[in-house]
Amino acid sequence: MKKFSWRRLNIVLHRDIGYLTVAMLIIYGVSGIAVNHIQDWNPNFVREKQFKEIEPITATERDSVKAEAMRGLGLTEEPKNFFRPDPETAQLFYENLTYSVDLPTGNVLIETTQRRMVLFEMNQLHLNAPKGLWTFIADLFALSLIFMGISGMFIQKGKTGLMGRGKWFVLIGTVIPVGYWIWYQYLQ
Amino acid sequence: MKRSLLVLLVAVLFTTAAFAGGKKNYGKELTVKETTKISDIIAAPEKFNGKRVKVAGPIVDVCKTRGCWVKLGSDKEFEAIRFKVEDGVIVFPLDLKGQNAVAEGIVSVKKISVEEQIKSGKKMAEEHGTAFDESTVKGPKTILQIDGEGAQVETK
Chain A
1026 MKKFSWRRLN IVLHRDIGYL TVAMLIIYGV SGIAVNHIQD WNPNFVREKQ FKEIEPITAT
1086 ERDSVKAEAM RGLGLTEEPK NFFRPDPETA QLFYENLTYS VDLPTGNVLI ETTQRRMVLF
1146 EMNQLHLNAP KGLWTFIADL FALSLIFMGI SGMFIQKGKT GLMGRGKWFV LIGTVIPVGY
1206 WIWYQYLQ
Chain B
127 MKRSLLVLLV AVLFTTAAFA GGKKNYGKEL TVKETTKISD IIAAPEKFNG KRVKVAGPIV
187 DVCKTRGCWV KLGSDKEFEA IRFKVEDGVI VFPLDLKGQN AVAEGIVSVK KISVEEQIKS
247 GKKMAEEHGT AFDESTVKGP KTILQIDGEG AQVETK
């Protein structure tokens, strides 16, 4: 009978949990980069603006304003919603498309919003938008990451192991976040 | 066998995505039975201050940065109310604009002094790397919003 080995069990668990979490790692990693730069871009949507000019709209009554705006814009399909934020503006909402008409001038702002395919879904999962069961799955994933980090240190023995050069890598990896925080909080 | 399972899994995922639609819930379940008109709240905010309400209306605007609020159009023209949720607790996607929503939360009426407006204006400007002009603050302001807890949005 084979002798029980903690190191062997550790390697097997590290390997199999690694397989199990690889998709989640990619999702969280890609989304992490995407949302890190939220100041510079919208990681979830592609938004585009266009401008158009139509004849000024003189009507004041709601239905007439809507009809004139649709006629001016050449739209035949009824909008999903129609809203007037103020007496001089009318908004026509279609699927992922909004027309904002400045009634006295006839200037129209056309805004389109398209989800970034795959990235939107990744971000929703990463930021736990679904809540509910996903919270539990995400917690399990986080625990798996902690396990992977710790178990990873005990895979190798000897010169390349934790007691060899491994300890220096662990030290550097610890100094980076701790040192950065000290600089950010107290020194800059 | 393995291949069949994989094909089945992919088919289920695509079918689910294709038929997804109807209503989508955000945050807590709605519990209030009666719907309050948004125009009634706007007409008499103090009467509703601190009260839990359920309102309905089209989503006419969505927070572009964090999805932390939506504006619901009133049943009367030229009126809308902000439905604000805690950052990260509910995230409203930008493409909800134009959809019909039913939302529940607590009506909040806040009086903001000139000093508070300047302080928050400066903070916002700092966060966005822009400048804040104090002269734009003309006097104390009253902010009416619904502190949102849950919403149900018609999708597609």
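Chains as they are written, first to last, in our numbering: chain A, 1026 to 1213; chain B, 127 to 282. Glycine included, each C-beta is placed from N, C-alpha and C at the ideal position.
Cβ of residue i within 8 angstroms of any chain B Cβ
{"i": "P1155/A", "result": "no"}
{"i": "K1074/A", "result": "no"}
{"i": "F1070/A", "result": "yes"}
{"i": "P1081/A", "result": "no"}
{"i": "Q1116/A", "result": "yes"}
{"i": "R1087/A", "result": "yes"}
Beta-carbon neighbours of residue i, restricted to chain A and to distances below 7 angstroms
{"i": "N175/B", "result": "Near N175/B there are no residues of chain A at all, since even the closest Cβ is about 24 angstroms away, more than 7 angstroms."}
{"i": "F209/B", "result": "None at all; the shortest Cβ gap to chain A is about 15 angstroms."}
{"i": "E252/B", "result": "Correct list: empty, because the minimum Cβ distance to chain A is about 13 angstroms."}
Exposed unless 16 or more other CB atoms sit within 10 angstroms - verdict on residue i
{"i": "A144/B", "result": "Any answer about A144/B is weak, because its pLDDT of 49 lies below 50 and its placement is not dependable; what the coordinates show is given next. Exposed, since its Cβ has fewer than 16 Cβ neighbours within 10 Å."}
{"i": "I1175/A", "result": "exposed"}
{"i": "F1118/A", "result": "buried"}
{"i": "N1061/A", "result": "exposed"}
{"i": "V1047/A", "result": "exposed"}
{"i": "I167/B", "result": "buried"}
{"i": "M1147/A", "result": "buried"}
{"i": "Q1064/A", "result": "exposed"}
{"i": "V179/B", "result": "buried"}
Contact list for residue i against chain A, beta-carbon separation under 8 angstroms
{"i": "V228/B", "result": "Here the premise fails: no neighbours, minimum Cβ distance about 14 angstroms."}
{"i": "L220/B", "result": "N1067, N1069, F1070, R1072 and T1138"}
{"i": "A257/B", "result": "None at all; the shortest Cβ gap to chain A is about 17 angstroms."}
{"i": "E212/B", "result": "Within chain A, no residue comes near E212/B; the closest Cβ sits about 13 angstroms away, beyond 8 angstroms."}
{"i": "V217/B", "result": "Q1149, L1152 and A1154"}
is_contact[residue i, chain A] using C-beta, thresh 8 angstroms
{"i": "K223/B", "result": "yes"}
{"i": "G231/B", "result": "no"}
{"i": "E155/B", "result": "no"}
{"i": "G89/B", "result": "Residue 89/B lies beyond the residue range present for chain B, which begins at 127 and ends at 282; the question has no answer from this structure."}
{"i": "E260/B", "result": "no"}
{"i": "V179/B", "result": "no"}
Check: residue i C-beta below 7 angstroms from any heavy atom of the ligand GTP
{"i": "V186/B", "result": "The ligand GTP is not part of this structure, which contains no ligands at all."}
Other residues of its chain near residue i: CB distance less than 7 angstroms, five sequence neighbours each side excluded
{"i": "Y1053/A", "result": "H1151"}
{"i": "F1070/A", "result": "T1138, Q1139, R1140 and R1141"}
{"i": "F1166/A", "result": "T1046 and M1049"}
Contacts of residue i in chain B (Cβ-Cβ under 9 angstroms)
{"i": "Y1119/A", "result": "G224"}
Same chain only: Cβ atoms within 8 angstroms of residue i, ignoring 5 sequence neighbours per side
{"i": "R1087/A", "result": "F1107 and R1109"}
{"i": "T1101/A", "result": "M1095"}
{"i": "K159/B", "result": "K180"}
Cut-off 6 angstroms between Cβ atoms - residues of its own chain near residue i, not counting five sequence neighbours on either side
{"i": "V1126/A", "result": "A1094, A1115 and V1133"}
{"i": "V228/B", "result": "A182 and Q278"}
{"i": "K223/B", "result": "I185 and V188"}
7 angstroms Cβ cut-off: residues of chain B touching residue i
{"i": "F1108/A", "result": "P184, V186 and G199"}
{"i": "F1111/A", "result": "Here residue 1111/A is Asp; the residue named in the question, Phe, does not match the sequence. Within 7 angstroms Cβ-Cβ: F204."}
Exercise. Within the chosen definition, does the region 232-252 of chain B reach the region 1128-1142 of chain A through at least 3 CB pairs nearer than 8 angstroms?
Worked result: no
Problem set entry | Three or more C-beta pairs below 8 angstroms linking the region 1088-1101 of chain A and the region 1174-1187 of chain A | no
For this session: Determine, using beta-carbon pairs with one atom in the region 194-201 of chain B and one in the region 242-257 of chain B, whether at least three such pairs fall under 8 angstroms.
Result: no
Exercise. Would you say the region 258-278 of chain B touches the region 213-229 of chain B, given that touching needs at least three Cβ pairs under 8 angstroms?
Worked result: yes
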